[in-house]
Amino acid sequence: MNFTTDREKLLGPLQLACGVVERKQTAPILSNLLLDVRENSLTIVGCDEEVEISLLISDIDVESGGAVTVPARKLMDICRSLTDSTPLTAKRDGNRVQIDSGRFTSSLASLPPDQFPSIEPAEATFSVEMLTKQLRWLLKRTSFAMAQQDVRYFFNGTLFEISDGRVHVVATNGQRLASCYLEVGDHTERDQFIVPRKAIAEIARLIASLDDEVTLRLDFTSNHMTVDVPGARLVTKLIDATYPDYSRAIPLDGDKVMLVDRQTLKDALSRTAILSNELYRNVRLILLQDRLDMHTNNPQQEEAEETLIVSYSGESVEIGFNVSYLIEALSAMAGSQVRMTFSDSSSACLLEDVDEKECLYVISPMML
3 MNFTTDREKL
13 LGPLQLACGV
23 VERKQTAPIL
33 SNLLLDVREN
43 SLTIVGCDEE
53 VEISLLISDI
63 DVESGGAVTV
73 PARKLMDICR
83 SLTDSTPLTA
93 KRDGNRVQID
103 SGRFTSSLAS
113 LPPDQFPSIE
123 PAEATFSVEM
133 LTKQLRWLLK
143 RTSFAMAQQD
153 VRYFFNGTLF
163 EISDGRVHVV
173 ATNGQRLASC
183 YLEVGDHTER
193 DQFIVPRKAI
203 AEIARLIASL
213 DDEVTLRLDF
223 TSNHMTVDVP
233 GARLVTKLID
243 ATYPDYSRAI
253 PLDGDKVMLV
263 DRQTLKDALS
273 RTAILSNELY
283 RNVRLILLQD
293 RLDMHTNNPQ
303 QEEAEETLIV
313 SYSGESVEIG
323 FNVSYLIEAL
333 SAMAGSQVRM
343 TFSDSSSACL
353 LEDVDEKECL
363 YVISPMML
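The opening position of the sequence shown corresponds to residue 3 in my numbering, with each subsequent residue numbered one higher.
Following this line, the structure appears as structure tokens:
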């Protein structure tokens with residue numbers, strides 16, 4: 003194997019591939035990337051046995067083809083440190099890979115490529131195509147609500163539910179929920195797939211720099227999901243579990259409806275959050291006629307208050323929330339106004355972006 007390419011052409015795919023590679027691995031080969039050179043192209047593969055990403059770099063100068071594995075972080079750090087204008091050459095030398103650029107030369111240890119793992123999904127049972135901006139929109143509106151290292155492992159992922167011609171994307175940690183849907187056609191069968199947290203993060207990174215109008219494809223099997231975009235493919239194992247009936251967590255009987263400017267509310271919550279309890283992050287909301295009072299305090303006897311003018315007519319209600327949950331839900335929205343629907347101080351709150359009927363957010367209250 004021997005090829006030459008520009009450093010800037012290599013760096014972007016390397017960064018994406020390294021995102022899949024964990025810093026601490028149970029097997030040395032999982033700390034490596036696979037470099038597969040054929041004709042005038044290079045494919046970079048990163049895999050941790052749960053998520054695999056393959057990235058194609060075309061139009062490189064190939065002297066000889068072949069496959070090698072190299073330490074992921076070391077190769078990326080070398081590429082980062084080089085100047086943009088100097089070509090980079092990589093060639094196999096026995097059980098090592100030589101990386102040269104200008105007056106710089108290095109030799110990296112290599113492991114046999116036949117030891118490198120591969121995730122091979124079965125034939126897809128369901129496929130859907132959408133624009134990059136649509137998937138980016140779905141993930142931005144929902145993925146923040148996933149749990150982290152929850153013992154209820156199905157919460158450590160995002161649900162993709164296909165039913166009634168829609169793809170519903172749902173995330174929750176049991177205390178908050180985000181739901182959004184996209185019309186995808188006439189698919190009538192109901193299917194559910196739970197995509198792990200890490201895979202969601204890597205998919206978001208993969209599509210972040212793509213043009214909005216690029217078409218991508220999602221392929222699902224009972225155990226895997228594949229994301230195909232031009233020049234790249236990501237395969238992930240799915241979480242083997244049944245997702246709870248999230249519709250039961252969506253309050254439909256609220257009779258206290260408040261309208262407020264989204265950015266104004268977010269800014270006010272961000273200010274009052276500065277003096278909230280660092281552990282519990284609680285904020286007290288008092289909803290009155292056309293007025294919302296916010297109050298936070300902490301064990302150091304510090305406190306903050308702010309009052310907003312809102313659109314509300316109804317009985318007063320006093321309720322507590324995790325202020326971070328409120329801010330993150332408001333940050334996921336894009337519209338100018340948010341509708342908040344309450345029942346009482348012990349019931350969950352429903353948040354809706356007035357401009358996006360496809361999305362909703364639910365936050366459970368905290369004890370005051």
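Every residue gets a Cβ at the ideal spot worked out from N, C-alpha and C, and that includes glycine.
Nearest by alpha-carbon distance to residue i: which of the options is it?
| i | options | result |
| --- | --- | --- |
| Leu-90 | Thr-6, Leu-281 and Ser-326 | Thr-6 |
| Val-231 | Gln-339, Glu-51 and Val-130 | Val-130 |
| Ala-19 | Lys-258, Asp-95, Cys-49 and Gly-322 | Cys-49 |
| Tyr-327 | Gln-100, Ala-350, Leu-310 and Gln-117 | Ala-350 |
| Ala-203 | Asn-279, Gln-150 and Asp-247 | Gln-150 |
| Val-356 | Met-335, Leu-370, Ser-347 and Met-368 | Met-335 |
| Tyr-282 | Phe-323, Ala-270 and Phe-118 | Phe-323 |
| Leu-16 | Arg-25, Leu-294 and Leu-37 | Leu-37 |
| Ser-33 | Gly-14, Arg-75, Ser-66 and Ile-62 | Arg-75 |
| Leu-294 | Asn-279, Asp-188, Leu-267 and Ser-278 | Leu-267 |
| Leu-352 | Leu-370, Pro-253 and Pro-198 | Pro-253 |
| Thr-45 | Thr-28, Thr-85, Gly-14 and Thr-217 | Gly-14 |
| Gln-339 | Ala-29, Met-260 and Asp-242 | Met-260 |
| Asp-193 | Ile-164, Arg-98 and Ala-92 | Ile-164 |
| Leu-290 | Ser-318, Pro-115, Thr-88 and Pro-114 | Ser-318 |
| Phe-128 | Asn-97, Arg-219 and Ala-270 | Arg-219 |
| Leu-287 | His-297, Ser-278, Asn-279 and Glu-280 | His-297 |
| Ser-56 | Asp-242, Val-22 and Pro-246 | Val-22 |
Span of the beta strand (DSSP E) holding residue i?
| i | result |
| --- | --- |
| Ile-209 | Segment 199–210 is the alpha helix (DSSP H) holding Ile-209; no beta strand (DSSP E) there. |
| Asp-165 | For the record, residue 165 in the displayed sequence is Ser; it is not Asp. Here the beta strand (DSSP E) through Ser-165 covers 159–165. |
| Leu-294 | 293–299 |
| Leu-113 | It is not in any beta strand (DSSP E) - Leu-113 carries neither H nor E in the DSSP assignment. |
| Asn-284 | 284–290 |
| Tyr-183 | 178–185 |
| Leu-236 | 234–239 |
| His-170 | 168–174 |
| Met-342 | 339–344 |
| Ile-101 | 98–103 |
| Asp-221 | 217–222 |
8 Å is my cut-off, CB to CB: does residue i come that close to chain D?
| i | result |
| --- | --- |
| Val-23 | Note that chain D does not occur in the displayed structure, where there is just one protein chain. |
Can you name the start and end residues of the alpha helix (DSSP H) that residue i belongs to?
| i | result |
| --- | --- |
| Met-1 | The structure shown has nothing for residue 1, since the chain only spans 3 to 370. |
| Arg-259 | Checking the sequence, you will find Val at residue 259 rather than Arg. Segment 258–263 is the beta strand (DSSP E) holding Val-259; no alpha helix (DSSP H) there. |
| Ala-331 | 325–334 |
| Met-15 | Checking the sequence shown, residue 15 turns out to be Pro, not Met. From DSSP, the alpha helix (DSSP H) with Pro-15 extends over 9–22. |
| Gln-136 | 134–144 |
Give me, in chain order, the residues of the same chain whose beta-carbon lies closer than 7 Å to that of residue i; leave out the 5 immediate sequence neighbours on both sides.
| i | result |
| --- | --- |
| Asp-255 | Ser-345 |
| Asp-214 | Leu-133, Thr-134 and Lys-135 |
| Val-169 | Val-130, Phe-162, Tyr-183, Leu-184 and Val-186 |
Contact check, residue i vs residue j under 8 Å by CB: the rounded distance?
| i | j | result |
| --- | --- | --- |
| Asn-300 | Val-325 | In fact, because the Cβ distance is near 12 Å, the residues do not count as touching under 8 Å. |
| Ala-69 | Met-3 | 7 Å |
| Glu-354 | Arg-341 | 5 Å |
| Thr-274 | Glu-308 | 6 Å |
| Leu-77 | Phe-106 | Incorrect: roughly 13 Å between the Cβ atoms, too far for contact. |
| Ala-126 | Phe-222 | 6 Å |
| Gly-104 | Thr-88 | 4 Å |
| Gly-337 | Leu-58 | With a Cβ gap of about 38 Å, Gly-337 and Leu-58 do not count as contacting. |
| Leu-113 | Ile-205 | Not confirmed; about 27 Å, so no contact. |
| Ile-276 | Ala-251 | That belief does not hold up - the Cβ atoms of Ile-276 and Ala-251 are roughly 30 Å apart, past 8 Å. |
Leaving aside the five residues before and after residue i along the sequence, list all residues of the same chain whose C-beta is less than 6 Å from its C-beta, in chain order.
| i | result |
| --- | --- |
| Glu-54 | Ile-121 and Val-237 |
| Ser-60 | Ser-43 |
| Ala-201 | Val-53 and Thr-238 |
| Gln-265 | none |
| Pro-119 | Cys-49 and Glu-51 |
| Glu-65 | Asn-4 |
| Asn-158 | Ala-149, Asp-152 and Arg-199 |
Would you say the beta carbon of residue i is closer than 7 Å to some non-hydrogen atom of the ligand SAH?
| i | result |
| --- | --- |
| Ala-270 | This structure does not include the ligand SAH; it has no bound ligands of any sort. |
Got a sec? Which residues, its chain only, sit under 8 Å from residue i by beta carbon, not counting five neighbours each side?
| i | result |
| --- | --- |
| Ser-108 | Ile-80, Gln-100, Ile-101 and Asp-102 |
| Thr-160 | Leu-141, Thr-144, Ser-145, Met-148, Val-171, Val-172, Ala-173, Ile-196, Val-197, Arg-199 and Ile-202 |
| Val-262 | Leu-294, Leu-310, Val-312, Ser-313, Gln-339, Val-340 and Met-342 |
Three or more C-beta pairs closer than 8 Å, one from the stretch 330–339 and one from the stretch 354–368: is that the case here?
yes
Is there contact between the stretch 179–193 and the stretch 128–140, where contact requires at least three CB pairs shorter than 8 Å?
yes
Would you call the stretch 171–178 and the stretch 141–156 touching, i.e. three or more CB-CB distances under 8 Å?
yes
Decide yes or no for the touch test of the stretch 307–322 against the stretch 217–227: beta carbon pairs closer than 8 Å, at least 3 of them.
no
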